[in-house]
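Trainee: Below is a structure I'd like to ask you about.
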Amino acid sequence: IGDIIRCGQFGDLIEFSYPIGFSHWGVYEGDGHILHFAVAEEDELQRMFREKVLQRVFPSSGNILLGHTKVRREHITQVPVPRGAHIKISNGRHHGPACTATDMRRRMFGLLEEDLEYNLLTLNCEHFATFVRYGVAMCNQVRPCGRARTGQYSDTTLCEGAFRDTTDVWFPSPPTGTQQVYLEHSISAQTTQFASLCKIPLHKDKEQKTATAVFQDIVSRKRRSTKF
Numbered sequence: 007i008g009d010i011i012r013c014g015q016f017g018d019l020i021e022f023s024y025p026i027g028f029s030h031w032g033v034y035e036g037d038g039h040i041l042h043f044a045v046a047e048e049d050e051l052q053r054m055f056r057e058k059v060l061q062r063v064f065p066s067s068g069n070i071l072l073g074h075t076k077v078r079r080e081h082i083t084q085v086p087v088p089r090g091a092h093i094k095i096s097n098g099r100h101h102g103p104a105c106t107a108t109d110m111r112r113r114m115f116g117l118l119e120e121d122l123e124y125n126l127l128t129l130n131c132e133h134f135a136t137f138v139r140y141g142v143a144m145c146n147q148v149r150p151c152g153r154a155r156t157g158q159y160s161d162t163t164l165c166e167g168a169f170r171d172t173t174d175v176w177f178p179s180p181p182t183g184t185q186q187v188y189l190e191h192s193i194s195a196q197t198t199q200f201a202s203l204c205k206i207p208l209h210k211d212k213e214q215k216t217a218t219a220v221f222q223d224i225v226s227r228k229r230r231s232t233k234f
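Positions 7 to 234 (the working numbering) are the ones given, in order, by the sequence shown.
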């Protein structure tokens, strides 16, 4: 981290490489701060499910986003990462020249504090970081295959079982009403996303074009009323 703070330049891509085989991405602003996809505002039930269930099933995944994210500016030392993660400047992982600092700044602050629908396939942290630097959302991560990369749970049945087992520990009394609906929805959504990690690469053109269009629309709307 010290090397990044000393040597990092505005617009550098910062990669948090996790032991599970995936990476979290952010964009360096300066003075040790990055912009990245962070946890959005959440109520107590959402926070408990994310921290006590999801992150115990997948302890090597860092913060797990529950369908929503917020672009935040944080000091690099404040970004939650799992034990064993490696943090580095990774400007050589994507093809294409970096845009001018003016363009990067316009995109960066055009998206700052935006609440977005997070999707592992179509709108993720790498899409955000590369859009800021290159003007095109890219994702070169490949989903891990098999238990060697994802740990004990590598298919839909096992993933769902893991979530339910962990949920039972933290909710010993069966939840009712709104809590039950939320938990069932969350287990279903997270099971689908994590089980799919074993199957398809994340670098499809359609997803990248979709993410680029989403970000461009937000920046364009803000640009009409804000001068960067």
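Here a beta-carbon is modelled for each residue, glycine too, at the ideal position from N, C-alpha and C.
May I have the straight-line CA-CA distance separating Q88 from A44, to the nearest angstrom?
Mentor: The question names Gln, but residue 88 in the sequence shown is Pro. For P88 and A44, the distance between alpha carbons rounds to 15 Å.
Trainee: Taking G14 and I95 to be in contact with their CB atoms under 8 Å, please state how far apart those CB atoms are, rounded to whole angstroms.
Mentor: Indeed, because the Cβ distance is near 6 Å, the residues count as touching under 8 Å.
Trainee: Taking three-plus beta-carbon pairs below 8 Å as touching, is the stretch 220-231 in contact with the stretch 102-111?
Mentor: At 8 Å Cβ cutoff, the stretches do not touch.
Trainee: Short check: CB of F16 to CB of A104, under 8 Å?
Mentor: Contact: no.
Trainee: Report yes if the C-beta distance between Q214 and A135 is below 8 Å; otherwise report no.
Mentor: Not a contact, by the Cβ cut-off of 8 Å.
Trainee: Under the DSSP definition of a beta bridge, which residues are partnered with V77?
Mentor: BP columns for V77 point to F43.
Trainee: Nearest-angstrom Cα distance between E123 and G27?
Mentor: Taking the straight line joining both Cα atoms gives about 23 Å.
Trainee: Which class does E35 belong to by DSSP, given the choice of helix, strand or coil?
Mentor: Note: E35 maps to strand in three-state DSSP.
Trainee: Please classify D18 as buried or exposed, where buried requires at least 16 other C-beta atoms within 10 Å of its C-beta.
Mentor: Result: buried.
Trainee: Output needed for E120: all residues of its chain with C-beta closer than 8 Å, excluding positions within five of it in sequence on either side, in chain order.
Mentor: K76, V77, I224.
Trainee: By Cβ distance, which residues of its chain are closer than 8 Å to Y140, with the 5 residues on each side in sequence left out?
Mentor: Closer than 8 Å at the Cβ level, and outside the excluded window around Y140, lie H100, G102, P103, A104, C105.
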